[in-house]
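Q: Quick one: the structure is below, questions incoming.
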Amino acid sequence: MQPFGFSFAGVFAVLLALPGASLAEEATGTQANGNHAPEIARQSWSFTPPFGTFDNAQLQRGFQVYKEVCASCHSMRLLSYRNLGEPGGPEFSPKAVEVLASQVQVSDGPNEKGEMFQRPAQPSDRFRSPFANDQLARLANNGALPPDLSVMAKARPGGPDYIYALLGYHPAPQGFELAQGMYYNEAFPGHQIAMPPPLSDGVIAYTDGTKPTVDNYARDVSAYLMWAAEPKLEERHKTGARVMIFLIVFAVIMYLAKRTVWARLKHSNATHGA
Amino acid sequence: MAHPSSYQPSTGIERWLDARLPIMRVMHDQFMVFPTPRNLNYWWTFGGILTFMLVAQIATGVVLAMHYVPTEDGAFDSVEKIMRDVNWGWLLRYAHAVGASMFFVAVYIHTFRGLYYGSYKAPREVLWILGVLILMLMIATAFMGYSLPWGQMSFWAVTVITNLFSSLDAVIPGLGTQLVEWIWGGFAVGGPTLNRLYSLHYLFPFLIAGVVVLHIWALHTPGNNNPTGIDVKSPKETVPFHPYYTMKDGFALLVFILVFAAVVFYAPNFVGHPDNYIPANPLQTPPHIVPEWYFLPFYAILRAIPNKLFGVAALMASITILFFVPWLDTSKVRSTRYRPIYKWFFWAFVLTCLALGYLGSQPPDGWYLVFGRIFTLYYFAFFLVVMPVVGLIEKPRRLPGSITEPVLGPAQVKGRPAPASAKRKPEEVA
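Chains as they are written, first to last, in this note's numbering: chain A, 1 to 274; chain B, 275 to 704.
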């Protein structure tokens with residue numbers, strides 16, 4: 001009698017399944033971007049579950065990888081040094097943030113003489129970019145422009161999984177023709193990337209006992225880039241839990257109120273009908 | 275439903291105001307005691323949900339506008355500043371972006387509900403037309419809003435959609451090009467385009483709010499349709515809007531917000547496209563330019579037609595055809611529940627819209643294109659052939675005697691004398 005009413009539950013089940021299905025793919029686009037895009041293997045990250053948080057030590061190591069390797073070509077212009085000490089991130093101590101910033105020289109000015117000058121960076125300064133402009137970046141990189149990494153973990157299908165996969169270079173299959181100055185990469189669309197393999201075992205000295213392997217470097221820097229792209233992820237997860245609990249309780253109360261009010265109506269009908 | 279006012283101003287101030295601006299009387303008559311059919315199911319709760327979504331979008335949008343910079347160089351970074359440095363900015367932005375999607379989920383359900391139960395038929399044609407107008411304004415608003423982050427997908431979606439107008443060159447040479455340059459404010463999509471899209475994105479929601487007022491007015495004049503599609507015959511078949519439907523709508527709204535919140539907090543980028551986190555670059559076209567999911571069926575229709583001008587015409591027609599639905603449907607009964615043949619065509623139409631949505635996300639070649647054309651054909655055939663023809667040849671099932679018969683059961687209605695109206699509780703008196 002009520003085909004529409006019957007399928008109502010079905011539609012809501014689909015709606016509910018929609019966020020559920022994507023929980024494992026936190027904050028990353030899931031739409032297939034072209035049929036030729038390579039399959040990206042899912043990794044297990046501390047931040048993917050609904051109550052997931054970043055692993056501070058991992059983010060600190062990831063920052064180290066960025067600072068010592070990636071930063072020589074890639075900018076992160078949307079981040080400031082102060083972000084490194086903020087809650088829900090690598091959470092370096094305030095002292096450590098000051099030291100990290102002061103190791104970098106940034107240009108400031110003009111001063112009273114009308115001249116630009118160099119000074120050590122402060123926590124409030126943006127990350128210094130390795131190149132003054134895109135043209136210089138291309139000149140230094142064989143014509144290719146190393147993209148800014150600030151929101152990279154949200155700007156590619158697969159997000160951190162993609163970055164992790166990209167950093168694991170494999171030898172080109174036999175007969176694969178590479179263009180001049182390009183490198184084979186399985187995760188990169190088209191499989192030819194201008195970036196030479198940036199990591200090799202032992203190039204970065206970890207101080208917390210983590211094994212200095214390419215796999216760990218790649219994993220740590222991917223997590224770090226996810227934080228950089230989504231610095232409020234932990235706050236979002238925490239607030240979300242509270243909001244969901246509030247809404248569920250409120251909805252139950254509302255349902256009971258609705259039932260009570262409507263029961264009054266049915267009750268009066270039954271008595272009148274009898 | 276026109277009904278005598280039952281408002282009793284109880285204090286001096288209320289009497290004073292009532293003689294000058296009877297706003298409390300209108301609120302009381304239209305939203306407290308308004309006689310509402312007692313058999314409305316949960317599909318009828320989406321009107322309230324849509325009202326909430328409009329208010330939520332305006333509220334979050336107004337605050338976002340305080341931090342957003344509508345310039346070519348500033349737009350992308352200002353959105354990121356909102357995400358990083360504005361207190362609760364991430365929540366505002368995700369609620370606004372996901373909110374647009376949820377708004378469309380609700381409006382599509384609301385529209386299909388109207389189609390299924392024949393809510394567009396006399397005397398509700400104007401109500402339906404105003405609804406289609408709101409849908410069109412929503413589409414325009416959402417399109418303009420999507421351009422504002424000025425990412426790759428924003429920029430290229432604007433480029434593709436504004437270029438549609440250049441198809442008018444096929445009608446009068448030069449007209450389309452002139453029009454497009456006028457829309458762009460230049461010779462390409464750029465800063466001036468972004469600035470005007472932002473201005474209009476702020477304006478349109480208030481136009482929507484205005485049409486919503488008319489929509490509710492047009493609803494409250496004939497009163498609600500209901501799942502049986504038959505007219506309310508006596509006040510006994512109605513209940514006052516408050517508390518019955520405030521409670522029911524309230525519960526449905528909370529369930530809806532629950533789903534909304536789950537997406538905002540746990541998968542906020544699920545409905546977005548990763549390319550929109552790449553700043554707009556006029557020199558680099560993304561491999562696949564796709565609109566937001568809620569435009570995909572229309573996008574599939576556009577691409578199903580090989581000729582650009584006719585493609586654009588089909589795109590426009592796919593929405594404007596809704597204006598004529600009250601006159602295309604020739605059936606004597608409203609509710610599809612009592613239409614054994616039409617029912618199958620209706621669900622085929624729902625399936626068609628979903629299929630077109632999927633096809634819109636795929637490249638327009640091979641089988642995708644073939645199916646895109648088949649479903650586009652059915653989309654229009656549903657309105658132009660099925661609605662007029664099935665209405666004439668179909669023999670509807672027996673309609674119930676009253677709207678309460680399916681609720682209370684025919685035995686109760688037939689076997690027992692109707693309850694005396696004097697016995698009804700006061701709150702049931704409409």
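Built from N, CA and C at the ideal position, the CB exists for glycine as well.
By DSSP's criteria, residue 184 of chain A is part of a beta bridge. Which residues make up the other side?
A: Position 184 of the first sequence, counting from 1, holds the residue named residue 184 of chain A. According to DSSP, residue 184 of chain A bridges with A:192.
Q: Could you tell me which uninterrupted alpha helix (DSSP H) segments, each at least 4 residues in length, are contained entirely in the segment 65 to 136 of chain A, listed from first to last along the chain?
A: Listed in chain order, the complete alpha helix (DSSP H) runs (minimum 4 residues) inside the segment 65 to 136 of chain A are 94 to 102.
Q: Can you check the segment 561 to 626 of chain B for any alpha helix (DSSP H) of at least 4 residues that lies completely inside it and give the ranges in chain order?
A: The segment 561 to 626 of chain B contains these whole alpha helix (DSSP H) runs: 570 to 578, 582 to 594 and 599 to 602.
Q: What residues of chain A sit near residue 364 of chain B, judged by a beta carbon separation below 8 Å?
A: Within the second sequence, numbered from 1, the residue matching residue 364 of chain B stands at position 90. Correct list: 232, 235 and 236.
Q: In chain B, which residues lie with their C-beta within 7 Å of the C-beta of residue 193 of chain A?
A: Position 193 of the first sequence, counted from the first residue, corresponds to residue 193 of chain A. Result: empty, since nearest Cβ-Cβ is about 16 Å, beyond 7 Å.
Q: According to DSSP, simplified to helix, strand and coil, what is residue 463 of chain B?
A: Taking the second sequence and counting its residues from 1, one reaches residue 463 of chain B at position 189. Of the three classes helix, strand and coil, the one that applies to residue 463 of chain B here is coil, per DSSP.
Q: With burial defined as no fewer than 16 other Cβ atoms inside 10 Å of the residue's Cβ, what is the status of residue 592 of chain B: buried or exposed?
A: Numbered from its first residue, the second sequence carries residue 592 of chain B at position 318. Buried, by the Cβ-count rule.
Q: Residue range of the alpha helix (DSSP H) that residue 160 of chain A falls in?
A: Here residue 160 of chain A refers to the residue found at position 160 when the first sequence is read from its first residue. Here the alpha helix (DSSP H) through residue 160 of chain A covers 160 to 167.
Q: How should residue 195 of chain A be labelled, buried or exposed, when 16 other C-beta atoms within 10 angstroms of its C-beta is the threshold for buried?
A: Here the question's residue 195 of chain A lines up with position 195 in the first sequence. When all chains shown are included, residue 195 of chain A counts as buried.
Q: With a cut-off of 9 Å, does the C-beta of residue 552 of chain B fall near any C-beta of chain A?
A: Residue numbering aside, residue 552 of chain B sits at position 278 when the second sequence is read from its first letter. For residue 552 of chain B, the answer is yes, since a Cβ of chain A falls inside 9 Å of its Cβ.
Q: Cβ of residue 178 of chain A within 9 Å of Cβ of residue 187 of chain A?
A: Residue numbering aside, residue 178 of chain A sits at position 178 when the first sequence is read from its first letter. Residue numbering aside, residue 187 of chain A sits at position 187 when the first sequence is read from its first letter. Their beta carbons are not under 9 Å apart, which means residue 178 of chain A does not touch residue 187 of chain A by this criterion.
Q: Taking Cβ positions, are residue 328 of chain A and residue 118 of chain A nearer each other than 9 Å?
A: With chain A covering 1 to 274 only, the question about residue 328 of chain A has no answer from this structure.
Q: By the 10 Å Cβ neighbour count, where 16 or more other Cβ atoms means buried, how is residue 155 of chain A classified, buried or exposed?
A: On the first sequence, position 155 is the one that residue 155 of chain A refers to. With 16 or more other Cβ atoms within 10 Å, it is buried.
Q: Three Cβ pairs or more, each shorter than 8 Å: is that satisfied between the segment 608 to 624 of chain B and the segment 547 to 556 of chain B?
A: No, the segment 608 to 624 of chain B does not touch the segment 547 to 556 of chain B.
Q: Does any residue of chain B have a CB that is nearer than 9 Å to the CB of residue 258 of chain A?
A: Here residue 258 of chain A refers to the residue found at position 258 of the first sequence. Cβ-Cβ to chain B under 9 Å: yes for residue 258 of chain A.
Q: Under the three-state reduction of DSSP, which class applies to residue 425 of chain B: helix, strand or coil?
A: For the purposes of this step, residue 425 of chain B is identified with residue 151 of the second sequence, where counting begins at 1. Three-state DSSP puts residue 425 of chain B in a strand.
Q: For residue 513 of chain B, which of helix, strand or coil comes out of DSSP?
A: Here residue 513 of chain B refers to the residue found at position 239 when the second sequence is read from its first residue. Strand at residue 513 of chain B.
Q: Please state whether DSSP places residue 559 of chain B in a helix, a strand or coil.
A: Translated into the one-based positions of the second sequence, residue 559 of chain B becomes position 285. Of the three classes helix, strand and coil, the one that applies to residue 559 of chain B here is coil, per DSSP.
Q: May I ask you to list, following chain order, the residues of the segment 170 to 189 of chain A that have a beta carbon less than 9 Å from some beta carbon of chain B?
A: Taking 9 Å as the Cβ-Cβ cut-off against chain B, the residues of the segment 170 to 189 of chain A that qualify are 189.
Q: Quick one: what's residue 309 of chain B bridged to in DSSP?
A: Locating residue 309 of chain B in the second sequence gives position 35, where the first residue counts as 1. Residue 309 of chain B is bridged to B:514.
Q: Round the Cβ separation of residue 125 of chain A and residue 80 of chain A to the nearest angstrom and send it over; I've been treating them as touching at under 8 Å.
A: Counting from one through the first sequence, the residue named residue 125 of chain A turns up at place 125. Counting from one through the first sequence, the residue named residue 80 of chain A turns up at place 80. Right, the Cβ-Cβ distance comes to about 6 Å (below 8 Å), so this counts as a contact.
Q: Taking residue 193 of chain A as the reference, which of A:122, A:180, A:202 and A:203 has the closest Cα?
A: Taking the first sequence and counting its residues from 1, the one referred to as residue 193 of chain A is at position 193. If we check each option's Cα against that of residue 193 of chain A, A:180 comes out closest.
Q: The segment 501 to 533 of chain B: which residues have C-beta closer than 8 Å to a C-beta of chain A, in chain order?
A: If the cut-off is 8 Å between Cβ atoms, the segment 501 to 533 of chain B has 501, 513, 517, 518, 521, 522, 524, 525, 528, 529, 531, 532 and 533 near chain A.
Q: I need the straight-line Cα distance from residue 597 of chain B to residue 330 of chain B, nearest angstrom please.
A: To locate residue 597 of chain B, count along the second sequence from 1; it is residue 323. To locate residue 330 of chain B, count along the second sequence from 1; it is residue 56. Each residue's alpha carbon lies about 27 Å from the other.
Q: Name, please, each residue of chain B whose Cβ falls closer than 8 Å to the Cβ of residue 250 of chain A.
A: The residue given as residue 250 of chain A occupies position 250 in the first sequence. By Cβ distance, chain B contributes 528.
Q: Counting only beta-carbon separations shorter than 9 Å, does residue 357 of chain B have a partner in chain A?
A: By 1-based counting over the second sequence, the position of residue 357 of chain B is 83. Yes, because at least one Cβ of chain A sits closer than 9 Å to the Cβ of residue 357 of chain B.
Q: Measuring alpha carbon to alpha carbon, tell me which of B:296, B:415 and B:647 ends up nearest residue 332 of chain B.
A: Counting from 1 along the second sequence, the entry for residue 332 of chain B is found at position 58. Nearest C-alpha to residue 332 of chain B: B:415.
Q: With a threshold of 8 Å on Cβ separation, who are the neighbours of residue 422 of chain B within its own chain once the five nearest residues in sequence on each side are excluded?
A: Within the second sequence, numbered from 1, the residue matching residue 422 of chain B stands at position 148. Closer than 8 Å at Cβ, skipping near neighbours: 342, 344, 349, 353, 428, 468, 471, 472 and 475.
Q: With a threshold of 9 Å between beta carbons, is residue 312 of chain B in contact with chain A?
A: For the purposes of this step, residue 312 of chain B is identified with residue 38 of the second sequence, where counting begins at 1. Chain A, which has a Cβ nearer than 9 Å to the Cβ of residue 312 of chain B, makes this yes.
Q: List, in order along the chain, the chain B residues whose C-beta lies closer than 8 Å to that of residue 78 of chain A?
A: By one-based count along the first sequence, residue 78 of chain A stands at place 78. Within 8 Å Cβ-Cβ: 351, 354 and 358.
Q: Classify residue 553 of chain B as helix, strand or coil using the three-state DSSP reduction.
A: Locating residue 553 of chain B in the second sequence gives position 279, where the first residue counts as 1. Here residue 553 of chain B sits in strand by DSSP.
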